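Written below as structure tokens is the structure these notes are about.
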Amino acid sequence: MAYKYLVIVESPTKAKTIEKYLGRNYKVVASKGHLRDLPKSRMAIDFENDYAPDYISIRGKGPIIKELKKYAKKAEKVFLASDPDREGEAIAWHLAHLLGLEPNDNIRVVYNEVTKDAVKQAVKNPRPVNMDLVSAQQARRILDRIVGYSISPILWKKVKKGLSAGRVQSVALKLIIDREEEIKHFEPVESWTLDGTFQKDKHVFNAAFYGLNEKKRLKLNNESEAQEVLAKLKGNEFMVSNVEKKEQKRNPSAPFTTSSLQQDAANKLNFRTRKTMMVAQQLYEGIPLGKAGTVGLITYMRTDSTRIAESAVAETHQFVIDEYGKEFVAKKSKTVKQAGGSQDAHEAIRPSSVLRKPTDIESYLTKDQFKLYQLIWSRFVASQMMPAIFDTMRVSIVNQDLVFRANGSKEKFAGYRKVYEDTKTKDNILPDLEVGDTVFSKDIIPNQHFTQPPARYSEATLIKSLEENGVGRPSTYSPTIETIQKRYYVKLNAKRFEPTELGTIIHQLVDAYFPNIVDISFTANMEKKLDEIELGKLEWVEVIDEFYKPFEEHVVKAESEMEKIEIKDEPAGFDCEVCGSPMVIKIGKYGKFYACSNFPECRNTKAIVKKIGVTCPTCKKGEVIERKSKKNRIFYGCDRYPECEFVSWDKPVARNCPKCNHYLVQKKVRGGLQVKCSNCDYEEEVQK
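Below is the structure:
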């Protein structure tokens, strides 16, 4: 079929969707990401010529480049419609080079959502390639290449092959190791509380010891102090000394940015960062919705902005009025202050139309797509609704001069919580109490507490910390987390990051010889400079030059002064069944494993298995062992595999279900661990 215009996008899925929108005069094809890049085999940066990068066509992309050139020759006009961010702008610039297009011509097409109106409007208003955006991307690429290709070879020589160091990954590793040090050196502090149950008429409520009077809180540091307070109490009669009633407002959260989406999806849906971004990409590129055709359901998912288009605000306000009533719609759209360093390049992540309710299109979506779309839709709609209002009540009751306090709250107006529950809140209703009323204690129990060490980072909290420190950008969080796991610098234990021995060694070396690379403020400041390049305020060559000159001195010093570190093999305690030499424990790409000490003459290796003390429930002969999937996720299987194919994501326990006799498993739930049946509805109490 003849066509006048060629539109080049990144993804084949998006190409099909957009071609339907634009009609027969347009041919839409996909570049499938970058076509030109720095070669993997060498540094490819000309340090004598203003750090000029030596780009080459990516191996394996030749047929795509050839096909795009063929299509471009037949077209009257070529439009470059890669993603609306720095990376997308760079792809458009590389495409212009490969196809012989002039970047200053109006060839760049940008849209924030894959919908018919947005795409058609974008094609009507093309612009030149934004060279400031391209320069910012190129500066990041060159910076990362200089750091990676300078430090990594030193680590190969001094430690072992296959290691790497990078700007953002080194900071992420530092955060994890610093947290581990905090935990290691944490000293718990003891404290006590006096928790009482009180009654007025038939109403029972809880209150806790506050202090010696209303103004002075008294901290109980040990059991004897708690017992002293109890000894001062006379009888079980208390008098209400103070009642405070207030109305409390709780405002809705802003719509999602990339990092807040990753955090919420981890906390609420149990999605890993990579999975969140993969499913979000699918929703953005378009889902077939029956007769409606293929529609992009959300706006672009790589953003650190909370800005919203006025048209989307107007549509949402009308939707809230129609669906929930006028009293639920926000009186005016809230402007959320952007985080420091935020690029604000385009909108927050939102549904392309709030009229597509999750439940209305559920049948067209996979389970994961539905869950993520529902999360994005509800958070966005909630952001345009009124605050939730709670009636709160604080009551003080006294016996002698000892004050106990009770707090109660009741939801008065749901507001945004009608569609999005950010925190689970139960009404805690106190009885009607007035100053001078008498209440009686039923029981007052002293409880011992200890301060807890800070929690290890999860994916969500690590992303939050990187963002708060201004390190990295939306597109970098997921690959950074993947890299430090692939290199075996960290491992996930119960969904929390722990540094490995190898990770600690690498961090110590990089910290000693390249302090700027692990310096959080230095890395955050570099991000700000990249943003200023994007805004046209700085020249990229000057930024690289300012970084490289002192960095080069550190490289020379590290090459000459860094001592070779030998990671010694641990004795395994048994001999090789192939040649009889002692087996040792080595550290490899995926962690520790057994290997013959007679390597390379003998190449026998074995996985290190962790037995959990449970007989296989399927074959009754083997033992259940802990295994790891290709994505480093722990699961449980029979040690007689492949003869026995028993597998379970949940940890089996050494008991059978009292109801159906199937094996029981241990599941992680909010508040602790719970034993459940693998077959029926039997479950036991949660163990903290």
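According to the UniProt record's numbering, the residues represented by the sequence shown are 1 to 688, in order. Idealized CB from N, CA, C, for every residue including glycine. Note that the structure is predicted; figures quoted are calculated from it, not measured.
- Comparing alpha carbon positions, the residue from K216, T392 and L230 closest to N222 is L230.
- Taking all protein chains shown into account, S396 has 16 or more neighbouring C-beta atoms within 10 Å of its C-beta and is therefore buried.
- The C-alpha of V471 lies about 34 Å from the C-alpha of L365.
- Under the three-state reduction of DSSP output, D85 falls in the coil class, being neither helix nor strand.
- In the structure shown, R640 adopts coil according to DSSP, grouped into three states.
- Two segments are said to touch when three or more pairs of C-beta atoms, one from each, lie closer than 8 Å; by this definition the segment 106–122 does not touch the segment 511–519.
- I608 sits in coil when the DSSP states are folded into three classes, being neither helix nor strand.
- Distance from the Cα of S458 is smallest, within the candidate group W192, L466 and T451, for L466.
- For E626, the uninterrupted beta strand (DSSP E) run begins and ends at E623 to K628, by DSSP.
- Counting along the chain, the unbroken beta strand (DSSP E) around Q674 starts and ends at G672 to C677.
- Look at A414 here: in three-state DSSP terms it is coil, with no helix or strand label.
- A direct Cα-Cα distance of roughly 56 Å separates V243 from G286.
- From the listed residues M386, A460 and L297, the smallest Cα separation to K357 is found for L297.
- Where Y663 is concerned, the enclosing beta strand (DSSP E) starts and stops at Y663 to V669.
- Between K611 and D650, the gap from beta carbon to beta carbon reaches 9 Å or more.
- In this chain, D519 is not harboured by any alpha helix (DSSP H), its DSSP state being neither H nor E.
- By the neighbour-count criterion, in which a residue is buried when 16 or more other Cβ atoms sit within 10 angstroms of its Cβ, Q448 is exposed.
- Closest in C-alpha terms to I585, from the list G573, E577 and C579, comes G573.
- For E542, the enclosing alpha helix (DSSP H) has its first and last residue at W540 to E561.
- If you draw a straight line from the Cα of T316 to the Cα of K157, it comes to about 59 Å.
- Residue pairing by DSSP places A207 opposite G196 in a beta bridge.
- Nearest in C-alpha terms to V435, of all of G325, G62 and V398, is V398.
- DSSP, reduced to helix, strand and coil, places I183 within a helical segment of the structure shown.
- Distance from the CA of D105 to the CA of G166, rounded to the nearest whole angstrom, comes to 36 Å.
- The segment 38–48 and the segment 71–89 do not touch, with fewer than three beta-carbon pairs separated by less than 8 Å.
- Approximately 13 Å separates the beta-carbon atoms of P454 and I177; this is outside 8 Å, ruling out the contact.
- In the structure shown, D201 falls within a coil segment according to DSSP collapsed to helix, strand and coil.
- Residue state for Q687 is assigned as strand, using DSSP reduced to three classes.
- Q448 carries a strand assignment under DSSP once its states are collapsed to helix, strand and coil.
- Judged by their CB atoms, T306 and A254 are nearer to each other than the 9 Å cut-off.
- Under the DSSP assignment, G591 falls in the beta strand (DSSP E) whose first and last residues are G591 to C596.
- C-alpha of K160 to C-alpha of Y488: approximately 13 Å in a straight line.
- Using a Cβ distance threshold of 9 Å, T273 and Q282 do not count as a contacting pair.
- Relative to the Cα of Q248, the nearest Cα in the group G408, P600 and S152 belongs to G408.
- Boundaries around Y21 are those of the alpha helix (DSSP H), P12 to L22, since no beta strand (DSSP E) includes it.
- Per DSSP, the continuous alpha helix (DSSP H) segment holding G148 begins and ends at M131 to K158.
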